[in-house]
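Student:
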Amino acid sequence: MVKITIPYSPHHYQALFHGCPVRHRALIAGVRGGKTVAGANEAIRLSLSKPRQFGWIIAPTYPMLTVARDELFKWLPKEVVKSHNKTEKRLTLINGTTIEFKSADDPDSLRGRGLNFAWIDEGAYISENAWRVIYTRLADRQGRAFITTTPKGKNWIFDFFKKAEKFPDEYAAIFFKSVDNPYFPPEEIDKAKAELPSLYFNQEYCADFIDELGWFRYEWLAQCFDESLCLQDRDTRGLKTFQGVDLALSADGDYFVIVTLGIDEGENRIILDIFRKKGLSPKALREAIIERAKAFKPRLIFVENNAFQDSIRQDLVEMTSLPIKGFTTGKQKADPTFGVPSLSILFENKKIKIPRGDKRSIELTDVLVDELLRYPSAHTGDVLMALWFANEAVRGKGRSLFLWVEPEPVQTIEMPPASQPAKTIKQLHEEERIGLKSGKLRQSDLISGFPDRILYGFY
Numbered sequence: 320m321v322k323i324t325i326p327y328s329p330h331h332y333q334a335l336f337h338g339c340p341v342r343h344r345a346l347i348a349g350v351r352g353g354k355t356v357a358g359a360n361e362a363i364r365l366s367l368s369k370p371r372q373f374g375w376i377i378a379p380t381y382p383m384l385t386v387a388r389d390e391l392f393k394w395l396p397k398e399v400v401k402s403h404n405k406t407e408k409r410l411t412l413i414n415g416t417t418i419e420f421k422s423a424d425d426p427d428s429l430r431g432r433g434l435n436f437a438w439i440d441e442g443a444y445i446s447e448n449a450w451r452v453i454y455t456r457l458a459d460r461q462g463r464a465f466i467t468t469t470p471k472g473k474n475w476i477f478d479f480f481k482k483a484e485k486f487p488d489e490y491a492a493i494f495f496k497s498v499d500n501p502y503f504p505p506e507e508i509d510k511a512k513a514e515l516p517s518l519y520f521n522q523e524y525c526a527d528f529i530d531e532l533g534w535f536r537y538e539w540l541a542q543c544f545d546e547s548l549c550l551q552d553r554d555t556r557g558l559k560t561f562q563g564v565d566l567a568l569s570a571d572g573d574y575f576v577i578v579t580l581g582i583d584e585g586e587n588r589i590i591l592d593i594f595r596k597k598g599l600s601p602k603a604l605r606e607a608i609i610e611r612a613k614a615f616k617p618r619l620i621f622v623e624n625n626a627f628q629d630s631i632r633q634d635l636v637e638m639t640s641l642p643i644k645g646f647t648t649g650k651q652k653a654d655p656t657f658g659v660p661s662l663s664i665l666f667e668n669k670k671i672k673i674p675r676g677d678k679r680s681i682e683l684t685d686v687l688v689d690e691l692l693r694y695p696s697a698h699t700g701d702v703l704m705a706l707w708f709a710n711e712a713v714r715g716k717g718r719s720l721f722l723w724v725e726p727e728p729v730q731t732i733e734m735p736p737a738s739q740p741a742k743t744i745k746q747l748h749e750e751e752r753i754g755l756k757s758g759k760l761r762q763s764d765l766i767s768g769f770p771d772r773i774l775y776g777f778y
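Okay, so the sequence shown: first residue is 320 according to the working numbering, each after it adds one.
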């Protein structure tokens, strides 16, 4: 008999997981708790405990599967590996045990032969249907399932936990928080608690099962209502302002929204204006953005630039010198730190003011409140998206790039003779930039020369 020693010293909760004798186990813990390390070592232990077994290592997606696979090979002694077919994602050990690496993104791909064991890493992120298919693969060999995961709402992992309470001889769930990992830096916990929404912190770091009611609670929103404020058609308070623009996918079906945020000395966000209309042509969209910019003089404007919508942004960059930056949503939309959920900590900490002082303010902010309460179960609303863009503009590292310059009275413009080719807006804009940098031009020179344009000067 060959004796294999692995330099792995499990902490208390990992040891409870390894020593649990029941058939189906779940290690449910906060991030960086050592779940995947425990899962990899348990897979090695089971693989070598008996010869000629067949098992799966499963993750929600192939990129996530790579994490589990790499952790396995980090601990697996090379001398027990007979072969590794990377193309077929199959590992064979010297005792005849075979391990296959599987993604659960397509549950039907999980059908096949019976299993002696299955390790599901980040199990909360696979579908309940995928779990059912895996469970049936374990039936004929009386195979074991062990799951390592952080919670994700009250999905099938929560049901697994309830089964562990009801059938302790068949199911077990071992819980611990990130801070319970003795190797986790405590200062990182404090930093996360200060910066992340409490619901997300409790789920990710405390391993709590959070109700899927959404990221935003009504009591948080209600405490931000301010009946002394009304939505405005221009800035009257001299605040630093930022705008977010959600462009309609179709003129008839979606609303075009501009949200303007003002920032006071305490870094509180004040919703100054919500412009919301549908049925606008591309020309009308551009004009609305320019008009709102003239009214509020934002330091930065984030405009959605997904797919064809980027043409609107490009037109504005060519036609004006507005401080516009394209904003692509993509996967980051759901990110708790940078996505729509990142707004929740502003409401929770009462760092955003929602005007409720007149009928128009109530009607428009009611739309926002409804969209917040429905997120993420419903389609992300237009006003909510524009608010997110505006807040990202506040956070967008560009707040000191632009200084609004008030236009002076229109003066006569001397046009070049017909024999000279007219300069493009890009050429004029470049000349402006060079002139400002060299000191040969003043802001007033630019305004008098181009009275129809919205101009910004650099600090």
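We put the beta carbon where it would ideally sit given N, CA and C, even for glycine. These numbers come from a predicted model, not from an experiment.
Curious, which full-length alpha helix (DSSP H) runs of at least 4 residues does the stretch 505-547 contain?
Tutor: 505-514, 517-523 and 537-541
Student: Taking the C-alpha atoms as reference points, what is the distance between Phe-721 and Pro-642?
Tutor: Here residue 721 corresponds to residue number 402 of the sequence shown, with the count starting at 1. Here residue 642 corresponds to residue number 323 of the sequence shown, with the count starting at 1. Confidence in Phe-721 is poor, its pLDDT being 41 and thus under 50, which makes the residue's placement unreliable; the coordinate value appears in the next sentence. So the alpha carbons of these two residues sit roughly 7 angstroms apart.
Student: Grab me the residues of Lys-496's own chain with a C-beta within less than 8 angstroms of its C-beta, minus the 5 sequence neighbours each way, in chain order.
Tutor: By one-based count along the sequence shown, residue 496 stands at place 177. Contacts found: Ala-348, Gly-349, Gly-352, Tyr-524, Cys-525 and Ala-526.
Student: Mind checking whether Ile-418 and Ile-439 have CB atoms under 8 angstroms apart?
Tutor: Against the sequence shown, residue 418 aligns to sequence position 99. Against the sequence shown, residue 439 aligns to sequence position 120. Cβ distance not < 8 angstroms, so Ile-418 and Ile-439 don't count as in contact.
Student: What does DSSP give as the partner residues of Lys-421 in its beta bridges?
Tutor: For the purposes of this step, residue 421 is taken as the residue at position 102 of the sequence shown. DSSP lists Ile-377 as partners of Lys-421.
Student: Give the straight-line distance between the Cα atoms of Pro-617 and Thr-560, rounded to the nearest whole angstrom.
Tutor: What you label residue 617 is simply residue 298 of the sequence shown in a count that begins at 1. What you label residue 560 is simply residue 241 of the sequence shown in a count that begins at 1. Straight across, the Cα-Cα distance linking Pro-617 with Thr-560 is about 5 angstroms.
Student: With a 10 Å radius around its C-beta and 16 neighbouring C-beta atoms as the bar for buried, classify Phe-646 as buried or exposed.
Tutor: Within the sequence shown, residue 646 is the residue found at index 327, counting from 1. So Phe-646 ends up on the buried side.
Student: Mind checking who Trp-438 pairs with in its DSSP beta bridge?
Tutor: Residue 438 sits at position 119 when you count from the first residue of the sequence shown. Beta-bridge pairing links Trp-438 to Ile-376 and Phe-465.
Student: Check whether the stretch 533-546 touches the stretch 594-604, taking contact to mean three or more Cβ pairs, one atom from each stretch, closer than 8 angstroms.
Tutor: Short answer: they don't touch.
Student: Which first and last residues belong to the alpha helix (DSSP H) in which Glu-584 is found?
Tutor: Indexing the sequence shown from 1 puts residue 584 at position 265. That residue, Glu-584, is in no alpha helix (DSSP H); it is neither H nor E in DSSP.
Student: May I have a chain-ordered list of the beta strand (DSSP E) segments no shorter than 3 residues that lie completely inside the stretch 639-701?
Tutor: 643-646 and 671-674
Student: Return the first residue and the last residue of the alpha helix (DSSP H) that Arg-611 is part of.
Tutor: To locate residue 611, count along the sequence shown from 1; it is residue 292. Looking at the DSSP string, the run of the alpha helix (DSSP H) that includes Arg-611 is 601-615.
Student: Look at Thr-416 and Pro-370 and say whether their C-beta atoms are less than 8 angstroms apart.
Tutor: Within the sequence shown, the letter at position 97 stands for residue 416. Within the sequence shown, the letter at position 51 stands for residue 370. Against a cut-off of 8 angstroms, the Cβ pair of Pro-370 and Thr-416 comes out as a contact.
Student: Measure the CB-CB distance between Pro-426 and Asn-448 and report whether it falls below 8 angstroms.
Tutor: Sequence index remark: in the sequence shown, residue 426 carries index 107 (1-based). Sequence index remark: in the sequence shown, residue 448 carries index 129 (1-based). Cβ distance < 8 angstroms, so Pro-426 and Asn-448 count as in contact.
Student: Should Gly-585 be labelled buried (16 or more other beta-carbon atoms within 10 Å of its own) or exposed?
Tutor: For the purposes of this step, residue 585 is taken as residue 266 along the sequence shown, with counting starting at 1. Result: exposed.
Student: Is it buried or exposed for Phe-486, if we count other Cβ within 10 angstroms and need 16 for buried?
Tutor: As a working mapping, residue 486 is identified with position 167 in the sequence shown. Looking at its Cβ environment, which holds fewer than 16 other Cβ atoms inside 10 Å, Phe-486 is exposed.
Student: Can you tell me which residues form a DSSP beta bridge with Lys-405?
Tutor: The residue you call residue 405 lines up with position 86 of the sequence shown. BP columns for Lys-405 are empty, so no partner.
Student: Between Leu-518 and the rest of its own chain, which residues show a CB-CB distance below 6 angstroms, the 5 nearest in sequence each way excluded?
Tutor: Looking up residue 518 in the sequence shown gives position 199. Once the five neighbours on either side are set aside, the close Cβ partners of Leu-518 are Ile-529.
Student: Between which two residues does the beta strand (DSSP E) harbouring Glu-489 extend?
Tutor: In the sequence shown, counting from the first residue as 1, residue 489 sits at position 170. From DSSP, Glu-489 is part of no beta strand (DSSP E); its letter is neither H nor E.
Student: Count the other C-beta atoms from every protein chain shown that fall within 10 angstroms of the C-beta of Lys-669, then say buried if there are 16 or more, exposed otherwise.
Tutor: For the purposes of this step, residue 669 is taken as the residue at position 350 of the sequence shown. The residue is exposed, with fewer than 16 neighbouring Cβ atoms inside 10 Å.
Student: Closest by CA to His-337, which one among Ile-493, Arg-432 and Pro-396?
Tutor: If you number the sequence shown from 1, residue 337 lands on position 18. The residue with the shortest Cα to Cα distance from His-337 is Ile-493.
Student: Rounded to a whole number of angstroms, what is the C-alpha to C-alpha distance between Ile-376 and Leu-384?
Tutor: Looking up residue 376 in the sequence shown gives position 57. Looking up residue 384 in the sequence shown gives position 65. Going from the Cα of Ile-376 to the Cα of Leu-384 covers about 8 angstroms.
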